[in-house]
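Below is one structure, written out as structure tokens; comments come after it.
In mature numbering (1 follows the signal peptide of the UniProt record, and there is no 0), the protein residues as written are -21 to -1, 1 to 398.
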């Protein structure tokens, strides 16, 4: 069959983007936050990482401070094949690890200007993804290599209105880089499974903004509210494939094009309460507006209408977290927390590239104060996901069935220095 080359390349690539669209949010902004499952993050003013979760909290600092963080993420996402077309073996769909480990860096600086104003700058990530399947994976059209990396460079300013209220806001420059590779997989056609059906590589940048407020009704009790706007990304890149000419093969050529996505807006409400000299309680509600990611479209030069359009069913999602600190002694503070993440993915739109699920967080951590100007934070979280069963249809109209299990282990270290 003769297929339009542009449409073939675009449709395969965009089905790939749909695979990771429901579950590529990152929250690993600090090791201190990780230790309490990120409970209270928009209300706690411990270190310079406040810039990522509520810039209004910069008003609490009286000295310059720098925080440097490295988070290690070890996913444990496995697949089991439960059904396949008649020409394929469902057992060959099994994969014990589809997501590689990764290190996520972040850095922040807060600089008080006077008693009312403070300026800050941070470099961190709110969204990212990486999954890998073998080149000859049986259901190669559904999943191969999918990678998206984003870097958010955030400049912020805070203003202390009075002893109870402070506000803060910032501008965000978000750089995004994406790579998507799909192979043909097992099929009734005489095409090797490892044949590249589509390759997309591209990058782009976008701008957004964020705004926060903090309210401290009495000493030791603070509430915070933070909003981060959505960011539109228009990936500009190249399509290519290794398909035969009769299936729309590009014969060694590449095709320019662009794919538009919206990184969703995020709203967080938090509170922190110092119950006595040793114990503090924190909690948070986070709302991520995934409904803005409602469709996927591909465009090519010379055409105003998209060559591909796919409607999505993502829904807004909630995250709930509660945690506590315990001041063991003058140098050491212990932390613990628990959180629950609800997936935004529609159960009828699941994909093996990222088989998203609801997740439970169990976290612990500690802070050690070397001196009044330097400290170290360590955090550890174990994520447990719910097993899910679903089916997915490839570009030949064949249905594949899976059972997925998604867990993860997170560890972070953070150094803080005031000057």
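For each residue, glycine too, the CB sits at the ideal point set by N, CA and C.
Owing to the predicted nature of the structure, the values given are computational and were not obtained by experimental measurement.
field: Separation of residue 54 from residue 86, as counted between CA atoms
entry: Rounded to whole angstroms, residue 86 to residue 54 spans 23 Å at the Cα level.
query: Which one of 183, 358, 371 has the shortest CA to CA distance from residue 341?
result: Selected option, being the one with the closest Cα: 358.
message: Using the three-state DSSP reduction, which class does residue 43 fall into: helix, strand or coil?
response: Residue state, collapsed to three classes: coil.
- request: Can you grab the Cα-Cα spacing for the pair residue 396 / residue 366, in whole Å?
  value: Residue 396 and residue 366: Cα-Cα distance of roughly 42 Å.
field: Where residue 252 sits in the DSSP three-state scheme
entry: Residue state, collapsed to three classes: strand.
field: Residue span of the alpha helix (DSSP H) that contains residue 29, given as start and end
entry: Membership of residue 29 in the alpha helix (DSSP H) is indicated by the continuous run 29 to 32.
query: With respect to the beta strand (DSSP E) encompassing residue 345, which residues constitute its N-terminal and C-terminal limits?
result: For residue 345, the uninterrupted beta strand (DSSP E) run begins and ends at 338 to 348, by DSSP.
Spatial distance of residue 162 from residue 145 (CA atoms): If you take the alpha carbons of residue 162 and residue 145, they lie about 53 Å apart.
- prompt: What beta strand (DSSP E) runs, 3 residues minimum, are completely inside the stretch 53 to 101?
  reply: Secondary structure within the stretch 53 to 101: the beta strand (DSSP E) runs of 3 or more consecutive residues, fully enclosed, are 81 to 91 (chain order).
- prompt: Under the three-state reduction of DSSP, which class applies to residue 242: helix, strand or coil?
  reply: In this structure, residue 242 counts as strand in the three-state DSSP scheme.
task: Inspect the beta-carbon positions of residue 108 and residue 383 and report whether they are closer than 8 Å.
output: Contact flag unset, no.
query: Could you give the uninterrupted runs of the beta strand (DSSP E) lying entirely in the stretch 290 to 339, keeping only those of 3 residues or more?
result: The qualifying runs are 296 to 306, 311 to 320.
- prompt: Could you give the distance in angstroms between the alpha-carbon of residue 389 and the alpha-carbon of residue 360?
  reply: Taking the straight line joining both Cα atoms gives about 5 Å.
- request: State the Cα-Cα distance for the pair residue 329 and residue 47, rounded to the nearest angstrom.
  value: About 36 Å.
message: Can you give me the C-alpha to C-alpha distance between residue 385 and residue 77, rounded to a whole angstrom?
response: Each residue's alpha carbon lies about 10 Å from the other.
- prompt: Cα separation between residue 311 and residue 96?
  reply: Distance between the alpha carbons of residue 311 and residue 96: 31 Å.
message: Taking DSSP's pairing of strands, which residues face residue 189 in a bridge?
response: In the DSSP assignment, the residues bridged to residue 189 are 149, 207.
field: Separation of residue 142 from residue 392, as counted between CA atoms
entry: Roughly 32 Å separates the two Cα atoms.
field: Alpha-carbon to alpha-carbon, residue 343 and residue -1
entry: Its pLDDT being 30, under 50, residue -1 is placed unreliably by the model, and the measurement read from it follows with that caveat. C-alpha separation (whole angstroms): 29 Å.
- prompt: With 16 other CB atoms within 10 Å as the buried threshold, where does residue 370 fall?
  reply: With fewer than 16 Cβ atoms within 10 Å of its Cβ, residue 370 is classed as exposed.
task: Kindly list the residues whose CB is nearer than 7 Å to the CB of residue 183, restricted to its own chain and excluding five residues on each side of it in sequence; keep chain order.
output: Result list for residue 183: 155, 212, 213, 214, 215, in chain order.
query: Name the DSSP bridge partner or partners of residue 117?
result: Per DSSP, none; premise fails for residue 117.
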